[in-house]
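Okay, so here's the structure we're looking at.
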Amino acid sequence: IVFAAGFNMYRKKFFANISNIILFGIFGTFVAFGSYTGIVVLMTGQIQLTQTMYSDTTQSWQESDLNLEISEIIMMCALICSTDVIAAISLIDPKEKPKLFSVVFGEGIVNDAVSIILFNTVVEFSKSGKAFTAGAAPTIFGEFLILFCVSLLIGAGFGLLSALMFKYV
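So for the sequence shown, my numbering puts the first residue at 901; every next one is plus one.
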């Protein structure tokens, strides 16, 4: 989807608004992630969650308590902080409002990439066996930055390689 979107976007408008796109795409994703995580952690401490599952052995629905660990909450929030801009993009005419279109489109692309990297960082941290505490936030953020930079370099490398290939083929 991202590769196809790169062919169809208005590049001049995209790069003219790159500061807004980065602000909304990266900062907005972290704000959403922090907000979701905080709300879920607070709510799970105040309400009793239950899950209903169908049991094949008893052929009936059974209800049980749902106790989420902090690692599960953080992974879930890393997944849901990704926004879907397809509906918003379909309502904006790029010829009438090119700046708005490029900002919403670009934010959606950057937000998806940041969410994927954030989720992978949280999963890798949870595999390490370290406890999720307030002191773990700088470690997770540092690992996020490393993965983000490496992903960006790999993406730029493949992008340049693809551009050269399309130029000469």
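Cβ atoms here follow ideal geometry from the backbone N, Cα and C, with glycine treated the same way.
Beta-carbon proximity list for residue i, same chain, < 8 Å, skipping 5 on both sides
i	result
Met975	Phe1019, Val1022, Val1023, Ser1026
Ser1028	none
Val1050	none
Own chain, CB closer than 7 Å to residue i, minus 5 neighbours either side, in chain order
i	result
Tyr936	Cys977, Ile980, Cys981
Phe1044	Ile1017, Leu1018, Thr1021
Lys999	Lys913, Asn917
Met909	Phe1005
Leu1047	Ile1017, Asn1020, Thr1021
Same chain, Cβ closer than 6 Å to residue i, five either side skipped, listed in chain order
i	result
Ile970	Phe1032
Ser955	Gln962
Asp1012	Ser982
CB of residue i within 7 Å of CB of residue j, strictly
i	j	result
Ile921	Gly1006	yes
Ile973	Val1014	no
Leu968	Thr944	yes
Assumed close pair residue i, residue j - CB separation to whole angstroms, cut-off 8 Å
i	j	result
Val1010	Asn917	Contact flag wrong, Cβ pair sits at about 11 Å.
Lys1030	Ala1036	6 Å
Residue i, buried or exposed, once every other Cβ within 10 Å from all chains shown has been counted against 16
i	result
Phe933	buried
Ile1040	buried
Phe924	buried
Phe1001	buried
Asn958	A small correction: the amino acid at residue 958 is Thr; Asn does not occupy that position in the sequence shown. Exposed, because fewer than 16 other Cβ atoms sit within 10 Å of the Cβ of Thr958.
Thr929	buried
Ile1055	What sits at residue 1055 in the sequence shown is Gly, not Ile. By the neighbour-count rule (16 or more Cβ atoms within 10 Å), Gly1055 is not buried but exposed.
Gly1008	buried
Contact between the segment 937 to 951 and the segment 986 to 993: three or more CB pairs below 8 Å? Below 8 Å, too few C-beta pairs join the segment 937 to 951 and the segment 986 to 993 to call them touching: fewer than three.
Practice problem: Could you tell me whether the segment 909 to 917 touches the segment 990 to 1004, using the rule of 3 or more Cβ pairs below 8 Å? | Solution: Contact between the segment 909 to 917 and the segment 990 to 1004 is present: 3 or more CB-CB pairs across the two stretches fall below 8 Å.
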